[in-house]
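Protein chains in written order, with my numbering: chain E, 2 to 216; chain P, 936 to 1090.
Note that beta-carbon positions come from the ideal geometry of N, C-alpha and C, so glycine has one too.
Structure, as structure tokens:
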């Protein structure tokens, strides 16, 4: 396998820029709190993998969404496990991002020249929260329905553009099958794509600028 | 205590440990994914009797297509079966091409069953005449009951 990788890497040249992953110099004063970003990324990878697996059995339709979740629990091997892994990773993902932000804030790592990476990080949190909001509707049970009813109604309270915003979110006057399919599309394709792009920028900047050391 | 010729430093050990953990993680994830996508219950195919036609409507000689309908899960499948009256016997041919499962149709002018997908051709008896099919068309069991012809279809 290694031989095959080396052969193809003569064309791709992936190895050389990543060789220093294990040999990157770290500043003084680094401790285990600097792992929080990595923990968040690991959770994102877990979310991506389990989310893909759930999408195999999930049916994003008004009539079948809840039934497909029940089917996943009752009939699919490890179905409950994979869904629970997705749910808990999602919760912990937000927790890890927030704790990571606190760490960056305390260590003053948001200051020049890293201000752009702070902004990218905040956008990552926004995308993560949006993923949480859209994903919450997908089980299509009472809790999901009413949470989205309330959440989209909040968007409706925005001065001026509120009602238009609410129509865009719901795809109609009420939370309905139209809402479900658009939340599904946003949750499964849109936001993960944006997230990948943001994370690429985030990591590239960390690589360029290095890790900010201790206090 | 005998030491190995080149003692591993902390960094090399950490690198190997991380790579090993990644390999282990991918292996475990692959097993979980394989179990997850494999259906737990696969239903047995059963043979159902489907009415075809009145005994009086049988072809005198040659091939005739009859539309039949049978349930599969929540949907109803509609397709043709072919009743063939040869010189010696009456039999029923399945329309499913033995190559890759497309549906053949009977062409009077050429006296052959033609498959639209990859050019498989069968004669009136269902034997392969041309193209890639590995076996003749399947003969379906026929039953007669109260003046009606029934065919056994695997669903």
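Sheet register partners of residue i (DSSP bridge)
i: residue 1074 (chain P); result: P:1028
i: residue 1040 (chain P); result: P:1049
i: residue 1063 (chain P); result: P:1057
i: residue 37 (chain E); result: For residue 37 (chain E), which the question treats as bridged, DSSP gives no partner whatsoever.
i: residue 95 (chain E); result: Residue 95 (chain E) pairs with nothing; no bridge assigned.
i: residue 73 (chain E); result: In DSSP, residue 73 (chain E) forms no bridge with anything.
i: residue 1012 (chain P); result: P:1005
i: residue 1020 (chain P); result: P:997, P:1025
Simplified DSSP state of residue i, which is helix, strand or coil
i: residue 108 (chain E); result: coil
i: residue 174 (chain E); result: coil
i: residue 986 (chain P); result: strand
i: residue 153 (chain E); result: helix
i: residue 960 (chain P); result: helix
i: residue 1001 (chain P); result: strand
i: residue 1080 (chain P); result: strand
i: residue 56 (chain E); result: helix
i: residue 159 (chain E); result: coil
i: residue 62 (chain E); result: coil
i: residue 918 (chain P); result: In the structure as shown, chain P begins at 936 and stops at 1090. Residue 918 (chain P) is therefore absent and cannot be evaluated.
i: residue 992 (chain P); result: helix
Whole-Å CB distance - residue i paired with residue j, under 8 Å assumed
i: residue 987 (chain P); j: residue 1003 (chain P); result: 6 Å
i: residue 157 (chain E); j: residue 166 (chain E); result: 7 Å
i: residue 1090 (chain P); j: residue 1007 (chain P); result: 5 Å
i: residue 1021 (chain P); j: residue 1059 (chain P); result: 7 Å
Delimiting residues of the alpha helix (DSSP H) encompassing residue i
i: residue 118 (chain E); result: 116-138
i: residue 192 (chain E); result: 192-210
i: residue 189 (chain E); result: Careful: residue 189 (chain E) lies outside any alpha helix (DSSP H) and carries neither H nor E.
i: residue 3 (chain E); result: 3-13
Host beta strand (DSSP E) of residue i (start-end)
i: residue 1084 (chain P); result: 1083-1089
i: residue 22 (chain E); result: Segment: none, residue 22 (chain E) is in no beta strand (DSSP E) and carries neither H nor E.
Residues near residue i in its chain [Cβ-Cβ closer than 6 Å; skip 5 each side]
i: residue 1027 (chain P); result: 1016, 1018, 1075, 1077, 1086
i: residue 105 (chain E); result: 111
Close Cβ partners of residue i (< 8 Å) along its chain, the five nearest in sequence each way excluded
i: residue 86 (chain E); result: 47, 51
i: residue 66 (chain E); result: 59, 60, 139, 140, 141, 181
i: residue 192 (chain E); result: 128, 131, 132, 135
Same chain, Cβ closer than 7 Å to residue i, neighbours up to 5 away in sequence not counted
i: residue 74 (chain E); result: 80, 81
i: residue 10 (chain E); result: 16
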